[in-house]
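Respectively, the protein sequence lines represent chains A and B. Each residue of the first sequence is one higher than the last, beginning at 17 in the numbering used here. Each residue of the second sequence is one higher than the last, beginning at 54 in the numbering used here. Each residue gets a CB set at the ideal place from its N, CA and C atoms; glycine is no exception. Single-structure report; data block below.
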Amino acid sequence: MRPLASAVLWVLIYLLLVAAPLLVLLLGPVPPGAGFWWDFSMALGFAGMAMMGVQFALTARFRHATAPFGIDIIYFFHRYAAIIAFVLLLAHFLIIRIDNPQALGTLNPLDAPWPMSAGRVAMLLFAVVIVTSLWRKPLRIDYDHWRIGHAVLATLAVLAAVGHIAGIGYYTEAPWKRVLWSTYTLLWVLLIVHVRLYKPWAMRRRPWRVAEVRPERGNAWTLTLDPVGHAGLRFAPGQFVWLTLRASPYQVKEHPFSFSSSAEDTAQLKFTIKELGDFTRTIRTVQPGETAYLDGPYGVFSTDRHPRARSFVFIAGGVGIAPIMSMLRTAADRGERRPLTLVYANKRWDDIIFREELEQLRERLDLDLVHVLEEPPPDWGGERGHIDEALLARHLPAGRDASEYFMCGPRPMTDAAQHALHALGVPLARVHFELFDMV
Amino acid sequence: MREFWVRIVAALTGVLVTLLALTFAWVQTPRSPTEAAAVEAAALPAALVEAGRAVYEAEGCAGCHAIAGEGNPRLPLDGIGSRRDAAALRDWILATGAVEADLGTRAARVKQGYRALSNDELEALVVYMQSLRD
């Protein structure tokens with residue numbers, strides 16, 4: 017199926033899943049109406065829960081479903097959808113709170129009927145889940161702790177909400193509706209089994225062994241992995257995996273990294289990782305022979321998705337070179353003839369990851385290599401400062417609107433480059449970048 | 054570009070489910086709750102009616118019932134005093150007698166909890182219900 021058709025299909029499936037509980041409400045026999053605001057509030061509650069339920073499916077990393085969009089954007093959507101769903105749930109509560117406060121009864125959980133308390137607990141848990149996700153860094157929550165907490169709290173919140181719905185039971189009493197809601201709940205359970213048990217099990221069956229940990233320029237390390245007892249992994253250059261090191265796949269201590277090696281070499285994978293956070297700082301201590309597990313590949317940030325492009329422009333900042341290096345190495349291995357431009361921003365000349373290899377690649381590719389230095393040496397004759405419109409205008413290839421653009425680097429850089437490209441008349445549909453660092 | 058579409062689809066989803074919720078509220082036969090305050094029969098002792106009202110509020114009856122539009126509109130009690138006599142009201146409050154079979158198991162379980170009320174409280178509650186006339 018063509019990517020666009022496939023994308024539309026999956027969006028429709030999503031909308032159907034979210035709308036299904038409301039359609040069931042509309043179709044089936046329901047208790048008689050109880051006034052507009054009351055019924056609206058109840059329906060909003062179901063709508064919010066339907067969205068919250070599908071949140072689990074969004075992050076289950078189904079490769080077929082995420083392939084047309086890129087999994088990064090699915091997580092981005094997960095974030096937006098959570099906020100919208102929470103607003104619906106809040107409206108469900110507030111409408112009753114304002115229109116008919118007596119129906120809510122006492123707040124004291126000792127006296128309140130348990131389904132009402134379950135609803136309050138669910139609301140509170142959802143709020144905690146959202147706040148800890150939107151502001152994880154300001155709240156100084158460790159990423160690994162957050163991931164586990166996020167899954168546990170979200171599951172508890174949904175269970176409490178299901179208790180609230182079933183305990184009150186106005187809309188779920190009819191036997192066929194019980195079957196339907198039970199099936200819905202069962203689907204969530206199956207999803208959790210799939211993500212937390214089946215996927216780690218599948219990862220354990222295809223382990224990798226660390227062959228080498230090599231220092232690169234600019235506080236970066238290249239980790240080389242060999243497959244153990246299997247043929248390796250096919251990927252498109254520019255894609256990434258979730259990497260688990262020094263932990264079991266069941267522990268959910270995984271971190272996303274882009275391949276930096278050529279996609280033509282499926283039996284030996286390389287990842288280039290800069291020391292930036294708690295996990296990446298431990299890369300230097302990894303020893304050859306250690307075991308690694310991979311979940312992937314994922315992502316749509318790849319030249320392979322644009323076979324008809326006339327030329328490619330890459331804009332990299334620092335370690336953002338990793339996925340672009342994968343695309344360049346792959347291009348060289350495949351004998352790529354199309355013109356390529358790399359605008360590569362770094363602080364200092366000595367920090368430039370892959371500086372020597374990029375020089376060598378110029379001999380195998382039609383590659384225009386533009387280094388941009390923030391703190392250039394005294395005798396530097398090249399570009400300096402930050403990437404801006406004037407700089408890009410000097411280096412973009414002829415027919416710039418028929419080129420495809422790949423950007424990877426710090427967010428301020430990609431934002432500035434995106435604006436500059438837009439100002440230069442490049443259609444935004446041709447500008448590609450991964451969204452990461454969302455939580 | 055992709056973020057733009059994400060915002061569109063997310064907003065679209067929110068609008069879609071809100072519209073469905075509105076449709077649901079709309080097609081449900083709109084039944085305006087009885088606005089008229091219940092008429093209290095002169096024959097009933099006012100103190101007992103007040104005591105019954107206090108029990109009604111303390112027990113959180115409004116979680117499932119509405120009187121004059123206040124509380125859960127699913128099961129309004131307006132006019133109940135015109136339709137049920139004291140014995141029947143007592144059965145409905147406690148889920149005893151023939152009423153037990155009429156109530157769902159869930160509701161019956163909740164109501165059986167009120168068997169812990171004292172006789173005075175129950176008496177007051179029944180009188181308060183009797184005071185709710187059409």
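- Judged by DSSP in its simplified three-state form, residue 333 (chain A) adopts strand.
- Counting other Cβ atoms within 10 Å of its Cβ, residue 286 (chain A) reaches 16 or more and is therefore classed as buried.
- Taking a Cβ-Cβ threshold of 8 Å, none of the residues of chain B is close to residue 146 (chain A); the smallest such distance is about 14 Å.
- Interface flag for residue 67 (chain A) against chain B is set, since a Cβ pair is found closer than 8 Å.
- When C-beta distances to chain A are compared with 8 Å, the residues of the segment 151-171 of chain B below that value are 157, 159, 163, in chain order.
- The segment 139-153 of chain A makes contact with the segment 164-171 of chain A, as at least three CB pairs between them are under 8 Å.
- For residue 446 (chain A), no alpha helix (DSSP H) segment is defined, and its DSSP state is neither H nor E.
- Using a C-beta cut-off of 8 Å, the segment 437-453 of chain A makes no contact with the segment 346-363 of chain A, since fewer than three inter-stretch Cβ pairs fall below that distance.
- In this chain, the beta strand (DSSP E) harbouring residue 384 (chain A) covers 383-389.
- Taking the beta carbon of residue 103 (chain B) as reference, no residue of chain A falls within 7 Å; the closest one sits roughly 17 Å away.
- Residue 423 (chain A) has A:331, A:449 as its beta-bridge partners, per DSSP.
- Within the model, the alpha-carbon separation for residue 195 (chain A) versus residue 207 (chain A) is close to 18 Å.
- For residue 71 (chain B), the nearest beta carbon of chain A is closer than 8 Å to its own beta carbon.
- The beta carbons of residue 220 (chain A) and residue 246 (chain A) sit no closer together than 8 Å.
- Burial state of residue 370 (chain A) is buried, judged by a 10 Å Cβ sphere holding 16 or more other Cβ atoms.
- Under the three-pair Cβ rule at 8 Å, the segment 70-83 of chain B counts as touching the segment 51-62 of chain A.
- The C-alpha of residue 346 (chain A) lies about 40 Å from the C-alpha of residue 204 (chain A).
- Membership of residue 117 (chain A) in any alpha helix (DSSP H) is not indicated, and neither H nor E is assigned to it by DSSP.
- Contact note: residue 183 (chain B) does not reach chain A at a C-beta cutoff of 7 Å; the least C-beta distance is about 21 Å.
- When 7 Å is used as the limit between beta carbons, residue 118 (chain A) is near these residues of chain B: 115, 123, 124, in chain order.
- Between residue 251 (chain A) and residue 191 (chain A), the beta carbon gap of about 49 Å keeps them out of contact (Cβ cut-off 8 Å).
- Exposure of residue 304 (chain A) is indicated by the presence of fewer than 16 other C-beta atoms within 10 angstroms of its C-beta.
- In this structure residue 115 (chain B) is in contact with residue 121 (chain A), their Cβ atoms being roughly 7 Å apart against a cut-off of 8 Å.
- Put simply, the CB of residue 93 (chain A) is near chain B, with a gap under 8 Å to one of its CB atoms.
- The Cβ of residue 399 (chain A) sits no closer than 8 Å to any Cβ of chain B.
- Distances from the alpha-carbon of residue 310 (chain A) to those of A:184, A:225, A:291 put A:225 closest.
- By the Cβ criterion, the segment 39-54 of chain A is in contact with the segment 119-128 of chain B, since at least three pairs of Cβ atoms, one from each stretch, lie closer than 8 Å.
- Annotation for residue 230 (chain A): no alpha helix (DSSP H) segment contains it, though the beta strand (DSSP E) segment containing it runs 224-232.
- The continuous alpha helix (DSSP H) containing residue 181 (chain B) extends over residues 172-183.
- Chain A places no beta carbon closer than 8 Å to that of residue 148 (chain B), leaving this residue out of the contacts.
- Contact check for residue 327 (chain A) and residue 254 (chain A): beta-carbon distance about 16 Å, past the 8 Å limit, so the pair fails to qualify.
- Under DSSP, residue 242 (chain A) shares a beta bridge with A:225.
- Our two residues, residue 366 (chain A) and residue 331 (chain A), have alpha carbons roughly 19 Å apart in a direct line.
- Straight-line spacing of the CA atoms in residue 266 (chain A) and residue 127 (chain A) works out to 40 Å.
- Its chain contains 86 as the residues whose beta carbon lies nearer than 6 Å to that of residue 316 (chain A), once the 5 sequence neighbours on both sides are disregarded; these appear in chain order.
- For residue 256 (chain A), the uninterrupted beta strand (DSSP E) segment begins and ends at 256-261.
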